[in-house]
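Have a look at the structure below, then the notes.
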Amino acid sequence: MESQKDNISEHVQSTSPWYRSAVATAMVSATFSFIVLLFLVLNYGKSKIVDTEDEARLLALRAQVYEQPDNEELLSQVRTLDLQIRQRRLRAVDRSRKGGYLLLGGVVVLLVSIGVAGALKKKLPTPGLSAEGPDQQVHEAKFARWSVTAGLIVLAAGALLLTLKPSIDFAGTGAEGSSIASAGDASQNWPSFRGFEGNGISPYTNMPTRWDGKTGEGILWKTKVPLPGHSSPLVWGHRIFLTGGDPNALAVFCFDTASGKLLWRGDVTRAPMKDDEEPLEPMEDTGWAAPTAVTDGKHVYAMFVTGDIVCFDFEGKKVWEKSLGVPENAYGHASSLAIYRNLVLIQYDQGMAEDGLSKMIALDGFTGEVAWQTKRPVDNSWCSPIVVRIGDQYQLLTLSQPWVIAYEPAKGAELWRAGEFSGEMAPSPIVANGLVFVIEPYNSLVAIKPDGKGDVTKTHIAWRMDEGGPDICSPISDGQRVFMLGTEGLLSCHKTSDGARIWEHDLEEFCLASPSLVGTNLYVLSEKGLMFIIEAADEYKELAKCELGEQCHATPAFADGRIYIRGVEHLYCIVKEDSTSASPQDPSKHWPSFRGPEGNGVSAYTNIPTRWDGKTGEGVLWKTKVPLPGHNSPIVWGDRIFLSGGDPNELAVFCFDVASGALLWRGDVTRAPLKADEELLEPMEGTGWAAPTAVTDGQRVYAMFVTGDIAGFGFSGKKIWEKSLGTPDNAYGHASSLAIYRNLVLIQFDQGVAEDEMSAMIALDGFTGEVAWRKKRPVDNAWSSPVVVRVGDAFQVLTCSLPWVIAYEPAKGTELWRADCLSGDVAPSPIYANGLVFVIEPYNELIAIKPDGKGDVTKTHIAWIMDEGGPDICSPVSDGERIFMLGSEGLLSCHKTSDGTRLWEHDLEESCEASPSLVGNNIYVLTIKGVMFIIEAADEYKELAKCELGEKCHASPAFADGRIYIRAVEHLYCIGNRD
Amino acid sequence: MADKNKEFDRRHFLRDGLWGGCLAALGMVAGSAARKHRQTEMVWQIDPYTCVACGNCATYCVLEESAVKCVQVFEICGYCDFCPGYFEPGANVLEPGAENELCPTGAIKRAFVEEPYYEYTIDESLCIGCAKCVKGCAAFGNGSLFLQVRHDRCLNCNECSIAVACPSGAYRRVPADQPYLLKKVNHA
Amino acid sequence: MIRSDRVIISIALFLISCGVAWGVERFPPPDFESGYEMPSPTAPHARQNIYEYIDVAVLLAALTVSSYLILKKRSRRALFVLMVFSLLYFGFWRKGCVCPIGATQNIVLSVFDSEYVVPVTVAAFFLLPLVFTLFFGRSFCAAVCPLGAVQDLVLSHPVSIPGWAESGLRLLAYVYLGAAVLFAATGSAFIICRYDPFVSIFRLTGSLNILILGACLLLIGVFIGRPYCRFLCPYGVILRHLSRLSKWRVTITPDECIQCRLCEEACPFGAIKKPTTKWPQKEYHVAKKRLVFLILLLPVLIFLGGWFGSGIKAVTSRAHETVRLAERIYLEEAGEVEETTDASAAFRATGKEISELYDEASHIRSQFGLGGWIFGGFVGLVIGLKLIGLSVWRRRQDYEADRASCLACGRCFAYCPREHVRLKKAKEANGKR
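Here it is as structure tokens:
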């Protein structure tokens, strides 16, 4: 173009009309393309910003729709918004396409016009004189060298920077680089049905051999499982996994081994049903959650009768879920999962062999994608597959009519198979002594050598025992013997070498759970919840028989020193007796509740200090501030002291260290929200917010507050449960302390007046906080605390409140006897001494009742009544022969326990609220001023000592080995002999 | 003068030698290419069995509207009433509508066939290849919905920018005469 | 042939295995009573092979024509028209893919990866321009390459940039080429295609960054002639050196140079070299020393380059998806990152051994180590030679187009008075007839 233009252009002045028009065109096209460009940018930005916003909004709206399906206008809103977004998207695409063309056009015009203009403007080159000699070239060359060198330096610098970047070295990350827990690791846990390798053998031998579900003996905790299911618990580290389901919900549960607390619940979405398929109704005996889950130490995989399978991580986050389709299985899918490295193995047997529906499926644990699957020529079954190391390779063993098939678990290649087995297969195969044992229900036990290839029916069957086999429970073996358990309870023992029967014994119990082996003991759990512990030996020997008191279908799980049993409703954690301290005699060594072990204010120790002085600090080991005020007394267990405190804003439990008085932990209790109509509770000054004294069973501490809130904490300070019994209708606020009987926390929850029928005796299960039993009480409100005492060989809970004294059987709460002998606002608690129960009617009477009656014993069992007045607040204390009463003005009186005649009376001239205590034969009386009178418990008054604390005291002191713990208004004092 | 000439000749000789060498090299390249060469061109395609339905196909294509779209293999489809590829998992009613449909562009058409079967067809003009339906169908259905590169749209770039972004390496070159990797029916 | 068969077979096997792996058939396909029959999925066909061959033919034709125009016709105008045509055909119609520049990578890959087979058309696209260059100089750059064309068209206000800047910037192209070869050879990426600045302009769509990059290059191109061709184009590097040896080439003047200096300013690409005088005496000895030093420096540079090149393998190898994946997995395993990416999840889905992946990754890394040595060595060599080249004194009597960097755009023709004489003669000749 130019080439031909320029010979013209010599004659053309730069002001030719062509030139001007060219420039003008250039201008116009430039502005045009600029505008188009702007428009395109806007269009782009809009679609990037506005649309994304709207999409977010749309999602939110859709979420709402699910909550309120029949909200019409919301629906229309969603639809219109959705439509808008779509239209806008289409428009944006269209615009950008058009815009692109326009811009292109504009630019082309621009270029052409500029070109033309340039051509018109072009002048002939007029080279000046060549000023440049050789120097010029030398310089250029030099500059060029320098610039190249500069480039070199830049490159080098860049490379250097990159080299300095940290890089990941893959070398030496083979072993710990693997995300799947090592086999050793798994073998120490209980990762699948019947444990590691599914043989029901526990890696630990320190198993409990004694427990009793009724009394709670040997039971560390028990917790409710929200949904039913026959699947067995899994244990990994401090987590227990269970699955449960009902027609509406399928879920996986994770419990804490320490407390049995539900750590998380993972719900499973069921695959949408195909509408021609009728809703699945699994058999009663199968339930919705029959298959046992499996864990690889990082995730837990759970399958359900519906063919839905899900994966959660250990924190309860759902990793994936999918459906394998509802299995065609008369009884619903019940076979448990197995695991090999990252593969979840599912024996998905359906229909009949000829339907060709049965499959072996391996899902990748990380994503749920199918890693491999192979068809199985078998009928449906309930056998669970197991992955076992045989020699140096792993085999996946499956059993179903008519084949036993072994696969290579990584790729699913079939290793060997053996037939012809018939019957409805339920017992899973096991491997022991180098043989695979499979059971033909009702028929036979077969031992197969697992080293074959292809069909080994003819070649590798070691022996076959045809005297019948169990129908449901899987066998177990200790190497030399294999044990089989029939559902009817017939336990038989055979030699693994040739199958010869060694012995046979009928447990006469119906059994569904498979037996397990701990050391040399068989653990056989019956449906009734009876656990037989039987020696795995050449003759039958029953070692023990423990009752759980709840029906059991699932096979228990065994961990270090613990057994986890799933009952139909609860999950139990059973520990060795000595490791739990909730045994009856033990508490007496401690000060577990208000006024000590039996609530009678008698210390088990006599080596209690008799001289101290709060002012000089003499005899005071330590003193520590109590963060919140309260009138409750300290309780002591081992090296811990527990107190509760509260104010209008907060309620809390405090745990102090006996050695230093350091606050070990503080457990805050959340107050139940007030009901709308309910006015704010204002307990009176004399009661305060934390009047009731807490109790401990040596495992947990339970504290109740004026507000009716109650909480259970572990000794570590972990809150296990808390609940509210509702604000008590009690003029002075709830002040009655808690009592404890084994795992039951006993609350005398008296409110209003008898007519209101609001008063009740409540027993909470210490493990869960659930109400174990509850009895209405026809009484007014009161502050007297219940006491649990051993009368003869039975325990009684004694309660007094106007007008009744009532004794209950602590385990079940059945009323033993009652006596109508009280009037007035009863505050002192009853005590039991010398075979008599002593109750006090404030200002009036001291009454002695024989506790061996039944029903209303008012007429019959009152031994005597002493009506020369009684204390109004403080509870009495007795040394057996004598009973001592302390009035709040300080009038101390001593009576015979035999007939109530007064021996002596003495006015301490100090007002008292704390109840007196008995140490050896000294009475310790603490006054409000904080003066402790130490008085000989004898037939005449003798003051032995009088010690100042120097701070006001309301709470009764606690006594431990050589120590007194006194709670003053602000501080907690530890008094003891310094040594 | 003479030696000058000689030098000149040497230079010529050198140059010609180099020239010949280059030509030979190019010849070799051509030869090797020819030895390995294959009749048909290669085009990009997604292996539906490797695809993880991440949704990159919708966004990473150089085209404004992706060349990747969802296809429905009817032989595999279960004709479900509650199609997990069509409906949100929590859909209240089994009826079309923005609130129930998974597809952001409403590209899946649901047609009643006979009790209780419904036919699901993809409107390619609307499909953007976001793979939402693919995910659903793979997780809870038969997996009859999956993504394919549509060759009427694909520019067959030398380096496919979706392939670069593909997390599972599902993209690969296939012979242009069978340019699709449709799922096979496996009834057995 | 044999190999290709094997490829097909392996693919087929793979397909089958996958088929086994997937088919979770939850709902058996229904049997319809209502005589409904299943439609089959649509499968529109790919572009016909024949078109690819047509492309090659067009390329061949364009190359021939442009060579003719440069050497015989000597017409800038005709070249201009051809340029526009190539832009429209190879650029906007064929959407700039496949182009010889990118084809380089396919060739390299096919050399290093025995499995990869380069389609014959792609090979042709790579080879034809080179062959033509060997004979006629850079006739491809002149009027066939759409990338060159689009830049050439926007060049309206050329400003000449100093020679030193040019020789500095030109290094970029060499590095780019080296990198492209490295990544292609390791099968990690086709960076030339990935960062092709103009392809998204041809397509009128594409990722924003590339669009912006392209626009910027064009803006620069208004003032600095063909920035991509001169400072970036990796294919251009090859062409440069081939065109040094080309049998015939562009000359400014049709016959002899009369030293009129009219053409001095003619070339917007700084490809016209002025005649040089004798070496200035005072410089001579210094220059000699320098030359010796630089020649000794050459091996050092090569070694250093190689050392750096292999040193950065940890970074460069990240271009390979396997290495990226392995590093991601590594982090996940080490618990340094919480959630998985699509890629890592997909990998775990395969159930492949992680250690296997690590081995693979470290193998690729070692490849990058070796490649890095070569790549770096190449860069070092280039720089060294450049320095040497810059310190030898070339004798030139006339104004001539630099064999290497002349893009044969034909702008200078019209500047030469001898050309006008020739044209007049031609006219007269025509007149006579």
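Going line by line, the protein sequences match chains P, S and X. In terms of this note's numbering, the first sequence has 309 at position 309, counting the first letter as 1, and numbering is strictly consecutive. In terms of this note's numbering, the second sequence has 133 at position 133, counting the first letter as 1, and numbering is strictly consecutive. In terms of this note's numbering, the third sequence has 296 at position 296, counting the first letter as 1, and numbering is strictly consecutive. Quick reminder that beta carbons are idealized off the backbone N, C-alpha and C, glycines included. Values in this document were obtained by computation on a predicted structure and should not be read as measured data.
Asked: Closest Cα partner of GLY890(P) within the set VAL300(P), TRP403(P), LEU926(P) and SER187(P); Found: LEU926(P)
Asked: Check whether SER911(P) and THR897(P) have beta carbons under 9 Å apart; Found: no
Asked: Cβ neighbour criterion (16 or more within 10 Å) applied to GLY23(X); Found: Caution is warranted here: a pLDDT of 42 is assigned to GLY23(X), below 50, making its placement in the model unreliable, and no coordinate value can be reported.
Asked: C-alpha gap between VAL706(P) and GLU685(P), whole angstroms; Found: 12 Å
Asked: Within chain S, the residues that TYR36(X) reaches when beta carbons sit closer than 7 Å; Found: VAL113 and GLU114
Asked: Partners in chain S for SER167(P), counting only beta-carbon separations shorter than 8 Å; Found: By Cβ distance, chain S contributes nothing, its closest Cβ being about 22 Å from SER167(P), past 8 Å.
Asked: Environment of PRO673(P) [buried if 16+ CB atoms lie within 10 Å]; Found: exposed
Asked: Stretch-stretch touch, CB-based, cutoff 8 Å, three pairs: the stretch 822-830 of chain P with the stretch 863-881 of chain P; Found: yes
Asked: Alpha carbon of TYR340(P) to alpha carbon of VAL388(P), nearest angstrom; Found: 9 Å
Asked: Inter-residue spacing [alpha-carbon to alpha-carbon] between ALA436(X) and THR121(X); Found: Because residue 436(X) is not part of the residues shown, which for chain X are 1 to 433, the question remains open.
Asked: Exposure of GLN281(X), with buried meaning 16 or more beta-carbon neighbours within 10 Å; Found: exposed
Asked: Rounded separation between PRO96(S) and ARG110(S) - CA only; Found: 8 Å
Asked: Short CB-CB distance (under 9 Å) between PRO377(P) and chain S; Found: no
Asked: Continuous beta strand (DSSP E) stretch holding VAL797(P): start and end; Found: 794-801
Asked: Touching by the beta-carbon criterion (3+ pairs, under 8 Å), the stretch 363-382 of chain X and the stretch 310-322 of chain X; Found: yes
Asked: Whether CYS874(P) touches ALA811(P) by CB criterion (9 Å); Found: no
Asked: Entirely enclosed alpha helix (DSSP H) segments - the stretch 343-431 of chain P, minimum 4 residues; Found: none
Asked: Local conformation of LYS859(P) per DSSP, three classes; Found: coil
Asked: Exposed unless 16 or more other CB atoms sit within 10 angstroms - verdict on MET465(P); Found: buried
Asked: Beta bridge counterpart(s) of VAL620(P) as assigned by DSSP; Found: ILE975(P)
Asked: Under the three-state DSSP convention, the category PHE884(P) falls into; Found: strand
Asked: Contained alpha helix (DSSP H) runs [length at least 4] in the stretch 70-119 of chain X, N- to C-terminal order; Found: 76-86 and 100-112
Asked: Separation of ARG77(X) from ARG396(X), as counted between CA atoms; Found: 29 Å
Asked: Length of the line joining the Cα atoms of GLY169(S) and ALA334(X); Found: 24 Å
Asked: Candidates SER384(P), PHE656(P), PHE959(P) and GLU140(P): closest to TYR924(P) by CA position; Found: PHE959(P)
Asked: Partners in chain X for THR269(P), counting only beta-carbon separations shorter than 9 Å; Found: What THR269(P) touches in chain X: nothing, since even the nearest Cβ is about 15 Å away.
Asked: Collapsed DSSP secondary structure at MET38(X) in the structure displayed; Found: coil
Asked: Within chain P, the residues that ASN92(S) reaches when beta carbons sit closer than 9 Å; Found: VAL65, TYR66, PRO69 and ASP70
Asked: Run of the alpha helix (DSSP H) containing LEU680(P), from where it starts to where it stops; Found: Note, LEU680(P): premise wrong, no alpha helix (DSSP H); not H, not E.
Asked: Buried versus exposed call for ILE54(X) [16 or more other C-beta atoms within 10 Å across all chains shown]; Found: exposed
Asked: Local conformation of ASN92(S) per DSSP, three classes; Found: coil
Asked: Start and end residues, beta strand (DSSP E) containing TRP922(P); Found: In the sequence as displayed, the identity of residue 922(P) is Asn instead of Trp. Residues 922-926.
Asked: Contact check, ARG153(S) vs LYS69(S), beta carbons under 9 Å; Found: yes
Asked: Spatial neighbours of THR173(P) in its chain, beta-carbon cut-off 6 Å, leaving aside the 5 residues before and after; Found: Model confidence at THR173(P) stands at a pLDDT of 46, short of 50, so the residue's coordinates are unreliable and nothing is read from them.
Asked: Helix, strand or coil at MET27(P) [DSSP, three-state]; Found: helix
Asked: Three-way DSSP call (helix, strand, coil) for SER179(P) in this model; Found: Because SER179(P) sits at a pLDDT of 47, beneath the cut-off of 50, its placement in the model cannot be relied upon, and the following sentence gives the value as read from the coordinates. SER179(P) falls in the coil class under three-state DSSP.
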